[in-house]
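Notes follow once the structure below has been shown.
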Amino acid sequence: MSLFVDTSVWSLALRRDMSSDAPEAGRLREALAAQEAVYTTGLVLQELLQGFRGPKARDSIVERFAALPVIVPDRDDHIAAADIRNHCRSHGVQLGTIDALLLRLCVHHDLEMLTTDGDFHHAARQTPLRIWRLRQ
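Going letter by letter, the sequence shown gives residues 0 to 135 in numbering that gives the first Met the number 0.
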């Protein structure tokens, strides 16, 4: 299964001050260690770079992301993301513009999303988005 990792999980996994015990961060570490297909997009990279401070952190993030395949949204992805956001809103689910685009990319490229963001869990009830869940 190919994964798309949301900013929320990358943020947990890249923190130096503590090693996250969140199952999603553990799943990311497993996927990377096993060299599974882990995808990203420029918006996730940008959000991470905006959230971490200092040139060392910046360089480390840029270096890590250099090895990941990047999905570049096209015009149709933006149009479909707007439709997804409007559909979710009409069903009482608030979804941000960026989140709607990330959701669209996952569905369009048949990727399972790895996230801790509850908005995606709500949106998944209204869309074909697949979200990784810990199997117990």
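Each residue gets a CB set at the ideal place from its N, CA and C atoms; glycine is no exception.
The model shown is predicted, which means the values in this text are computed figures rather than measured ones.
{"Query": "Considering only C-alpha positions, which residue in the set R84, F64 and Q49 is nearest to T39?", "Result": "F64"}
{"Query": "How do the region 81 to 98 and the region 56 to 72 stand: do at least 3 beta-carbon pairs fall below 8 Å, yes or no?", "Result": "no"}
{"Query": "With distance defined between alpha-carbon atoms, name the residue in A32, D116, V4 and V8 nearest to G95.", "Result": "D116"}
{"Query": "Based on the DSSP output, what are the partners of V69 in its beta bridges?", "Result": "T39"}
{"Query": "Below 8 Å on the Cβ atoms is my guess for T114 versus I97; work out the distance and round it to an integer in Å.", "Result": "T114 to I97, Cβ: 13 Å. No contact."}
{"Query": "Where do the N-terminal and C-terminal ends of the beta strand (DSSP E) with L2 fall, by residue?", "Result": "L2 to V4"}
{"Query": "Tell me, please, whether the region 34 to 53 touches the region 69 to 80 by the rule of three or more beta-carbon pairs shorter than 8 Å.", "Result": "yes"}
{"Query": "Nearest-angstrom Cα distance between A99 and H107?", "Result": "12 Å"}
{"Query": "To which residues of the same chain is A123 closer than 7 Å at the C-beta, ignoring the five residues directly before and after it?", "Result": "I130"}
{"Query": "Where R52 and L13 are concerned, what is the direct C-alpha to C-alpha distance, given to the nearest angstrom?", "Result": "12 Å"}
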